[in-house]
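Peer 1: Submitted below is the structure of interest, expressed as structure tokens.
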Amino acid sequence: MPGSGARGTASVEQRVAAIEAALDERGLKPREAVEELSHLAQEEWIPQNGARVVAKAWTDPEFRKRLLANGREAVAGLGIKMPPHHRHLVVLENTPAIQNVICCTLCSCTAFTIIGLPPDWYKDLEYRSRVVRQSRTVLREMGLDLPPEVEIRVWDTTADTRYLVLPERPAGTEGWSEEKLAGLVTRDSMIGVARL
Ligand SMILES: [Fe+2]
């Protein structure tokens, strides 16, 4: 810190305290904001939301149609909120011949209120750059070895357009309840780096 002279640079704790004090002075309640954010991240922005959406799409053809036509509206109908700047939710349907994969080449954007906050590897420059150029190899390295006839489609998230991969319903799950089906759906399958 310039001017702090022989006392050296302020510690992280001192800097945090100074920022908190400055925000407090302006009535911005920084501690409450951090607590609120932690609560949202740990208890509300979780992949179980997306799992519920996927299971409903597997069992309710009308909902599936609505979800594919306007994802944002369809998930709102299940009580799942998206921030205002996530203007579009585009749902990408996997088929035996097509595997959709999402990334954010610029940073780490996801439909985080639906599929949860992005895992570390998703934010890594390695994944963000290589999944576009070498998608088949990257998926194989992550444990998804697709036969050559499966087309891989990579989708680059933007600030206002978010994606959700709709995995295929696993065989042998006929007659399962929505809740039981939701238990099969993983975060990685909704990013598209895994099949179920
Ligand atoms: Fe991003």
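Using this note's numbering, read the sequence shown as starting at 1406 and increasing by one per residue. Built from N, CA and C at the ideal position, the CB exists for glycine as well. Only a predicted model underlies this, so the values are computations on that prediction, with no experimental measurement involved.
Can you find the residues in the same chain that come closer than 8 Å, C-beta to C-beta, to Ile1424, ignoring five residues on each side of it along the sequence?
Peer 2: Pro1435
Peer 1: What's the gap between the Cα of Gly1580 and the Cα of Gly1432?
Peer 2: 55 Å
Peer 1: Could you name the residues of the same chain whose beta carbon sits closer than 6 Å to that of Arg1567, not counting the 5 residues immediately before and after it, in chain order?
Peer 2: His1491, Leu1494, Ala1516
Peer 1: If Val1590 sits next to Ala1456, beta carbons under 8 Å apart, how far is it from one beta carbon to the other, in whole angstroms?
Peer 2: 4 Å
Peer 1: Three-state secondary structure (DSSP) at Glu1573?
Peer 2: coil
Peer 1: Of the residues Gln1453, Ala1599, Gly1413, which one's Cα is nearest the Cα of Asp1550?
Peer 2: Ala1599
Peer 1: Provide the residue span of the alpha helix (DSSP H) that contains His1444, from first to last.
Peer 2: 1435 to 1444
Peer 1: Is Thr1518 close to ligand 1? I mean its beta-carbon at under 8 Å from any heavy atom of the ligand.
Peer 2: no
Peer 1: Ignoring anything shorter than 3 residues, give me the beta strand (DSSP E) runs that lie fully in the segment 1553 to 1599, in order along the chain.
Peer 2: List check, beta strand (DSSP E) in window: 1556 to 1561, 1566 to 1571.
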